[in-house]
Structures are given as structure tokens and as C-alpha cells.
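Novice: Sequence order for the protein chains is G and C.
All residue numbers for the first sequence refer to the UniProt record's numbering, where the first residue is 1 and numbers rise by one.
All residue numbers for the second sequence refer to the UniProt record's numbering, where the first residue is 1 and numbers rise by one.
Number of protein chains: 2
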Amino acid sequence: MSLPHILLGLLEEPASGYDIKCEFEQSLSFFWSAALAQIYPALKKLEKDGLVTSWQEPSEKGPARTVYQQTEKGREAFRDWLEEGPQLNTERRAYLAQAYFLAQSRAPDEPRSFYEQLRDDFRARANRLTALEDVWRDDHGPAFPDNLTGQALYEHMTFDLGQRVFRLYVDWAEDCLARIDGAEKD
Amino acid sequence: MSLPHILLGLLEEPASGYDIKCEFEQSLSFFWSAALAQIYPALKKLEKDGLVTSWQEPSEKGPARTVYQQTEKGREAFRDWLEEGPQLNTERRAYLAQAYFLAQSRAPDEPRSFYEQLRDDFRARANRLTALEDVWRDDHGPAFPDNLTGQALYEHMTFDLGQRVFRLYVDWAEDCLARIDGAEKD
DNA sequence: TCGACCATGTAAGATGTTACATGATTGC
DNA sequence: GCAATCATGTAACATCTTACATGGTCGA
Chain G
1 MSLPHILLGL LEEPASGYDI KCEFEQSLSF FWSAALAQIY PALKKLEKDG
51 LVTSWQEPSE KGPARTVYQQ TEKGREAFRD WLEEGPQLNT ERRAYLAQAY
101 FLAQSRAPDE PRSFYEQLRD DFRARANRLT ALEDVWRDDH GPAFPDNLTG
151 QALYEHMTFD LGQRVFRLYV DWAEDCLARI DGAEKD
Chain C
1 MSLPHILLGL LEEPASGYDI KCEFEQSLSF FWSAALAQIY PALKKLEKDG
51 LVTSWQEPSE KGPARTVYQQ TEKGREAFRD WLEEGPQLNT ERRAYLAQAY
101 FLAQSRAPDE PRSFYEQLRD DFRARANRLT ALEDVWRDDH GPAFPDNLTG
151 QALYEHMTFD LGQRVFRLYV DWAEDCLARI DGAEKD
């Protein structure tokens, strides 16, 4: 029940399905992922329900863009969702389920290579978020991030969490690798 | 595509649908949640595919228990899943999407109460995991957690991550509350 | 006797994934 | 000419959620 709400939130500003896909990949993937094949039908349904409107715009390359934006009704529906309070218990991280069961693997080397992959991926994501933050810093001057307000403040707080979490994951993966090596010695 | 695999992993030991629901609530909810209405059909499908077998057992209270366990074929399918490497990009945390868009809320007090709820919930979960760990410690003696091997080692590493993450979330939520208060003063 | 817990499920509808299908533009 | 990127979708299938349905045991 959340993707339509997330789309609605993004459509405070006009955007096409393709634009939204890029936003997911670039910045939202830390807490949500969605593919084009899910985004297009969801936008159509929002439009059918009167929560967004759309129009065509020419594109520089490729076919015409269908651009969507919140309607007043959509804005209210979105705010209702925010005011429901935090939607907890939506955790879904398959890699942690795998980590939990790693003792059942056949290949004796699997746990090590698994955690190495985790560590490398998390490190790359932490760096990607840090790079995104550097771009922001350039736009906002030396008082960044203390001078942020409104939308930018809340976006930054979420990004900040992403960086903290990914760094924690990297440290954890390294500690796990050390423990695996330690347990093998016994 | 992950719930069937998680069920298979749990069914290294015999368990009923109800037992599995309890395991999700107790210890797996940190990284995955599943309801009974999802578990029962999933178990039936695994049985139809020959990945688990089932038998009836009398229950002390209530109706007979249908107990399931991995077959050899199920065990192999599970190991294949482990060896696919970490399934990344399965993140789905609705509350972070809400946090990202909090500037769009109507009620000026919404961000504060939202982050307070997050902080309190995370603190409760961190404490719950710590309590679970204390039970383990009693079972494993003073060398815990360094004396863990096999399944228990990997379970503990995942629990350890849960505790670290929840503590980080609590600190983050408190920092966010301070930032919200700071931004309101301006 | 009432609520909490044990224990099973089904049905309908919403949501998400995978594979397929199309076609223009830009840079190498 | 080929791959990447821009840009749109549909169809079939798998998965998940919400609501409904049933009934026994235990303790307050």
C-alpha cells in the first residue's frame, strides 16, 4: 500500500514515470525500490482515481514524455498517509535472511565470500551517498547542513541515516569476517 | 521470491505454520515479516513441489498440528538460494519514505511526533533483542558469544546487527528531533 | 464467562516481478 | 553499426494483504 503514496509524494513536482525510476535508483533505493513495470500501471491507477493529472511533453530524445503531477485530492490523500504515523513492520531484507541461515550452505567458503560481497556493496553505497551529499554541500554553502529547512531538511535527515547505516553495515561485515575466521581456527 | 526460501531454511527443524509465525514475530521480524495468511498457502505450495513433507501431530491445546520439514530436494533448493549471493535491493521501509516527505505534512507538530514514535519503537526493539541475547548468554556460559559455531554463530551475528542498527536508529531519531527544534527557531 | 492463545485455513483483491514489445537519439 | 540511454507500455504469473471462518484450552 505504499508505492502509490511514494509516487504521490514525488509528484509534488511534475515528473514522468521514467524520471521517477531514476529517482528511485539514485536516491530512494536506500529505503525503497520499484521497477518501471510497476511504476507505469501505478501512475495510471492514480490518474484513474483522480489523485494525479497528466499531460504530454515533447522529449529531446525518444518518444513524448507523459508528465504527472499531484491534484489537490492527491495532496490530501498523501497527507492522510503521513498522518497515519510511521508504518513499521515493513522490513524486508532478503540478504539478512540469507545471512541468518548461512550455516546451512554447502560450500565451506560461502560465508566468507557472502560477507565480503555485503561489505563491498555497502561500502560502495555509503560512498555514493557521500558523493550525493557533497553535491548538496556545494549548492548550499559552508553552513550546510545546518541551514536546511523544509523539504531539504527532511531529505537530508534521511540521507544522513543512509550514510550512518551503510557505514555501520561495513563495520559489522568486517567484524563478521573476523568471527568466521576465528571460528574456523577452532 | 524469498518467503518460500526462508520457510525452507526454518524447516531444517520440523515446525508448524503457527510455530513459524511465532519465530517471525520473536526474532526474524528485524529483517522480514510474514503473516499466517501468507505462511499457510506457502507451506502447501512447498509441499506440492516436493520441497517439504508434512505429518500431523496432536496438540496440547487446540486442533492437531500440521508439522513440516525440509526434504532432500528442499535442502538443495535452499542451498542454491544461499549460493546465489546476497539478494540486495530488496529494501522496503515505508517509514523512511514517510520521513523523507515529512515536510509535506499539514500538522506542524507531525514531524516531532513522528520521530518520537520512531525513537520509542526502535528503543523497544533494541531492548527486546538485548533481552533475547541475555537468554542465550545464560545457555552458553561466560565465553558467550565467542564460543558460538555453526548455526548459532550466524544467528548471533544477525542479532548483533539488529542491536547495532536499532541503537543507531534511536540516536538518529534523537538527532533529528534536535534538528527539527533548531529549524523551528529560525 | 470472557479474553488470550493455540491452531487451522479460504477468498478476493491489491501489489509486485519477469519477460516481452517498440522505437528514437547519441556517442563511440 | 552497436550499445547505452531515453521513453513508453502490456501480459502472465507470483506474491501479499485484508477480511472472513472455525473451534479448543487455559487462566482470571
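Note that the Cβ used here is the ideal one computed from N, Cα and C, for glycine as well.
What you are looking at is a predicted structure, and each value in this text was computed from that prediction instead of being measured.
I'd like to know if the stretch 53–61 of chain G and the stretch 84–98 of chain C are in contact, where contact means that at least 3 CB-CB pairs between them fall below 8 Å.
Specialist: Flag = no, the stretch 53–61 of chain G and the stretch 84–98 of chain C do not touch.
Novice: Would Thr149 of chain G be called buried (16 or more neighbouring beta carbons within 10 Å of its own) or exposed?
Specialist: Here residue 149 of chain G refers to the residue found at position 149 of the first sequence. Exposed.
Novice: At 8 Å on the CB atoms, spell out the chain G contacts of Tyr95 of chain C, in chain order.
Specialist: As a first step, residue 95 of chain C is located in the second sequence; it is residue number 95 there, counting from the start. Result: Pro86, Gln87, Leu88, Thr90.
Novice: In this structure, how does DSSP classify Ala35 of chain G when only helix, strand and coil are distinguished?
Specialist: Residue mapping note: residue 35 of chain G aligns to position 35 of the first sequence, counting from 1. If DSSP states are grouped into helix, strand and coil, Ala35 of chain G belongs with coil.
Novice: Compute every distance between the C-beta of Ala94 of chain C and the non-hydrogen atoms of the ligand NAP, then say whether any falls below 7 Å.
Specialist: As far as ligands go, the structure on display features none, and thus does not contain the ligand NAP.
Novice: For Glu25 of chain C, which residues of its own chain have a beta-carbon under 7 Å away from its beta-carbon, when the five flanking residues on both sides are left out?
Specialist: The residue given as residue 25 of chain C occupies position 25 in the second sequence. So the list is empty, once near-sequence residues are dropped.
Novice: How many whole angstroms separate the CB atoms of Ala97 of chain G and Ser2 of chain C, which I take to be in contact at a CB cut-off of 8 Å?
Specialist: Taking the first sequence and counting its residues from 1, the one referred to as residue 97 of chain G is at position 97. Taking the second sequence and counting its residues from 1, the one referred to as residue 2 of chain C is at position 2. The pair is a contact, with the Cβ atoms about 6 Å apart (cut-off 8 Å).
Novice: Can you round the beta-carbon distance between His156 of chain C and Pro145 of chain C to whole angstroms, since I take them to be within the 8 Å contact cut?
Specialist: Against the second sequence, residue 156 of chain C aligns to sequence position 156. Against the second sequence, residue 145 of chain C aligns to sequence position 145. About 5 Å; that satisfies the 8 Å criterion.
Novice: Beta-carbon of Asp121 of chain C versus every beta-carbon of chain G: anything under 8 Å?
Specialist: Sequence index remark: in the second sequence, residue 121 of chain C carries index 121 (1-based). Yes, Asp121 of chain C counts as interfacial toward chain G.
Novice: Please state if the CB of Tyr100 of chain C and the CB of Thr158 of chain G are separated by a distance shorter than 8 Å.
Specialist: Within the first sequence, residue 158 of chain G is the residue found at index 158, counting from 1. Within the second sequence, residue 100 of chain C is the residue found at index 100, counting from 1. Yes. Within cutoff.
Novice: Run through chain C and tell me which residues come within less than 9 Å of Gly172 of chain G, C-beta to C-beta.
Specialist: Locating residue 172 of chain G in the first sequence gives position 172, counting from the first residue. It is worth fixing the name first, because residue 172 of chain G is Trp in this sequence and not Gly. Those are Met157, Asp160, Leu161, Arg164, Val165, listed as they occur along chain C.
Novice: Considering only their Cβ atoms, is the gap separating Gly74 of chain G from Leu51 of chain G smaller than 8 Å?
Specialist: Position 51 of the first sequence, counted from the first residue, corresponds to residue 51 of chain G. Position 74 of the first sequence, counted from the first residue, corresponds to residue 74 of chain G. Yes; because the gap between Cβ atoms is below 8 Å, this pair is in contact.
Novice: Name, please, each residue of chain C whose Cβ falls closer than 8 Å to the Cβ of Phe30 of chain G.
Specialist: As a working note, residue 30 of chain G is residue 30 in the first sequence. The answer, in chain order, is Glu91, Leu96.
Novice: In chain order, what residues of the same chain have a beta carbon less than 7 Å from the beta carbon of Ile20 of chain C, not counting five sequence neighbours either side?
Specialist: Translated into the one-based positions of the second sequence, residue 20 of chain C becomes position 20. Within the same chain, Ile20 of chain C has close Cβ partners Leu7, Leu10, Ile39.
Novice: Just grab the DSSP bridge partners of Gln69 of chain C for me.
Specialist: The residue labelled residue 69 of chain C in the question sits at position 69 within the second sequence. Bridge partners of Gln69 of chain C: C:Thr53.
Novice: Assuming Glu60 of chain C is part of the alpha helix (DSSP H), what are its boundary residues?
Specialist: Walking along the second sequence from the start, residue 60 of chain C turns up at place 60. Per DSSP, Glu60 of chain C belongs to no alpha helix (DSSP H) and is neither H nor E.
Novice: Give me the chain G residues within the contact set of Phe78 of chain C, using Cβ-Cβ distance strictly less than 7 Å, ordered along the chain.
Specialist: Counted from its first residue, the second sequence places residue 78 of chain C at position 78. Those are Gln104, listed as they occur along chain G.
Novice: Going by beta-carbon coordinates alone, are Arg106 of chain G and Arg79 of chain C separated by less than 8 Å?
Specialist: The residue you call residue 106 of chain G lines up with position 106 of the first sequence. The residue you call residue 79 of chain C lines up with position 79 of the second sequence. Their beta carbons are under 8 Å apart, which means Arg106 of chain G touches Arg79 of chain C by this criterion.
Novice: Is the separation between the beta-carbon of Pro14 of chain G and that of Gln69 of chain G shorter than 8 Å?
Specialist: As a working mapping, residue 14 of chain G is identified with position 14 in the first sequence. As a working mapping, residue 69 of chain G is identified with position 69 in the first sequence. Against a cut-off of 8 Å, the Cβ pair of Gln69 of chain G and Pro14 of chain G comes out as a contact.
Novice: Just mark Pro4 of chain C as buried or exposed, buried being the case when its beta carbon has 16 or more other beta carbons within 10 Å.
Specialist: Here residue 4 of chain C corresponds to residue number 4 of the second sequence, with the count starting at 1. Answer is buried; the Cβ neighbour count reaches 16.
Novice: Does DSSP put Ser29 of chain G in a helix, a strand or coil?
Specialist: Residue numbering aside, residue 29 of chain G sits at position 29 when the first sequence is read from its first letter. Helix, per DSSP.
Novice: Which residues in the same chain as Cys176 of chain C place their Cβ atom closer than 6 Å to its Cβ, once the five residues preceding and following it in sequence are excluded?
Specialist: Your numbering for residue 176 of chain C matches position 176 in the second sequence. Taken in chain order, the residues that qualify are Tyr115.
Novice: Chain C partners of Leu129 of chain G, CB-CB under 8 Å?
Specialist: By one-based count along the first sequence, residue 129 of chain G stands at place 129. What Leu129 of chain G touches in chain C: nothing, since even the nearest Cβ is about 13 Å away.
Novice: Using a Cβ-Cβ cut-off of less than 7 Å, list which residues of the stretch 6–18 of chain G approach chain C; keep chain order.
Specialist: Residues passing the 7 Å Cβ filter: Ile6, Gly9, Glu12.
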